[in-house]
Ligand SMILES: [Zn+2]
């Protein structure tokens with residue numbers, strides 16, 4: 001039965017009849033102010049047919065709307081970008097039985113396999129594609145398999161290897177502690193891809209940390225610290241010879257309902273925070289508490305990328321790290337940025353295809 005607690009205004013705003021939504025584009029044809037002030041339902045009855053649904057006749061203007069049970073159910077799904085749409089993993093033990101991975105060939109040939117990998121990024125924050133061809137620009141090809149490349153001042157792609165005059169510590173052989181990329185951008189690149197071409201150096205192993213799980217742990221253990229971080233915009237900054245970038249964003253961004261939606265954590269690019277003394281002290285205590293959680297070794301999933309491996313991960317949620325490697329050791333990754341909106345969109349398109357096999 002149509003739930004009794006569904007407000008009339010909400011139902012009418014979601015009418016899908018051809019007068020209310022353009023049948024071709026499915027876009028809404030009226031403005032919210034066009035609806036009558038005195039909306040009332042005259043009659044509700046189940047719709048005849050295979051699919052469960054209801055027909056509503058409106059009291060004031062006799063308009064008729066139809067709703068399906070399936071639509072009602074879908075409307076209740078959480079925002080997949082927030083923690084409610086995720087499987088949080090507090091420790092690497094979650095992957096004792098293996099990583100979410102497949103081969104590039106299987107990913108390309110099999111829609112179900114592609115869907116499984118993209119859903120792993122959506123739910124767990126990452127997937128690993130193996131046997132990706134060792135070709136220049138291949139990370140971008142992986143991005144184009146589900147969305148678009150986000151070009152930045154580093155170019156359409158970037159080379160992660162030891163550079164003569166690096167503009168970023170990533171392009172040296174030093175250890176890089178867990179961080180999210182480019183917090184000094186707004187909007188931040190929401191996805192990152194790293195394609196390993198060569199990894200023969202001693203060291204140079206990779207690590208991932210679930211920032212959402214750490215944020216949820218902070219909220220449970222120290223609610224005041226969680227509130228201090230979600231409630232404080234901090235400046236992040238990057239500069240080199242030709243670029244100046246900065247963004248003021250919180251370390252933990254929550255949606256209006258308080259659900260974790262984005263984490264930014266990068267000690268290399270945190271700028272100077274200027275607040276009243278008391279707030280500064282509270283922020284630093286919270287920042288240190290969050291950092292202790294994020295940097296706890298047991299939270300880090302360690303693995304080693306080999307030639308042909310391409311890691312795809314959610315840069316709003318997962319932190320990534322690498323161990324130091326021997327100077328002169330051969331290690332070369334190519335990376336690029338992309339965005340989550342198209343990854344989620346491709347998941348929905350693949351699900352649509354799955355539901356209606358041709
Ligand atoms: Zn209508």
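In our numbering, the protein residues as written are 1 to 358. Idealized CB from N, CA, C, for every residue including glycine.
Where the alpha helix (DSSP H) containing residue i begins and where it ends
i           : result
residue 124 : 111-124
residue 230 : 223-230
residue 141 : 138-144
residue 342 : 340-355
residue 69  : 69-74
Under the three-state DSSP convention, the category residue i falls into
i           : result
residue 33  : helix
residue 57  : strand
residue 25  : coil
residue 12  : helix
residue 87  : coil
residue 154 : coil
residue 148 : coil
residue 321 : strand
residue 42  : strand
residue 128 : strand
residue 331 : strand
residue 134 : coil
residue 108 : helix
residue 66  : strand
Residue i Cβ short of 7 Å to ligand 1 heavy atom set
i           : result
residue 269 : no
residue 34  : no
residue 19  : yes
residue 196 : no
residue 145 : no
residue 63  : yes
residue 127 : no
residue 15  : yes
First and last residue of the uninterrupted beta strand (DSSP E) at residue i
i           : result
residue 102 : 101-103
residue 311 : 310-314
Ligand 3 heavy atom lying under 7 Å from the CB of residue i
i          : result
residue 23 : In terms of ligand content, the structure shown lacks ligand 3 and carries ligand 1 instead.
Cutoff 8 Å: residue i Cβ touching any chain B Cβ
i           : result
residue 300 : The chain inventory of the structure shown lacks chain B, comprising one protein chain alone.
Give, in chain order, every unbroken run of the alpha helix (DSSP H) that is at least 4 residues long and sits entirely within the region 211-299. 211-221, 223-230 and 277-294
Every unbroken beta strand (DSSP E) inside the region 156-214 [3 residues or more]: 158-160, 176-179, 191-199 and 206-210
Does the region 106-114 come close enough to the region 78-93 to have 3 or more Cβ pairs within less than 8 Å? no
Contact the region 298-305 vs the region 235-253: 3+ CB pairs below 8 Å: no
I'd like to know if the region 157-167 and the region 269-289 are in contact, where contact means that at least 3 CB-CB pairs between them fall below 8 Å. no
Within 8 Å, do at least three Cβ pairs link the region 225-240 to the region 343-350? no
Can you confirm whether the region 313-328 touches the region 136-148 when touching is taken to mean that 3 or more C-beta pairs between the two stretches lie within less than 8 Å? no
Inter-stretch contact (C-beta, 8 Å, three-pair minimum) for the region 188-200 and the region 208-217: no
Does the contact criterion of 3 or more C-beta pairs under 8 Å hold for the region 216-228 versus the region 40-47? no
Counting pairs of Cβ atoms below 8 Å between the region 71-81 and the region 277-286, do you hit three or more? no
Pairing CB atoms from the region 304-311 with CB atoms from the region 248-257, are three or more of them under 8 Å? no
Does the pairing of the region 94-104 with the region 59-66 give three or more beta-carbon distances under 8 Å? no
Any chance the region 288-295 sits against the region 182-194, with 3 or more Cβ pairs inside 8 Å? no
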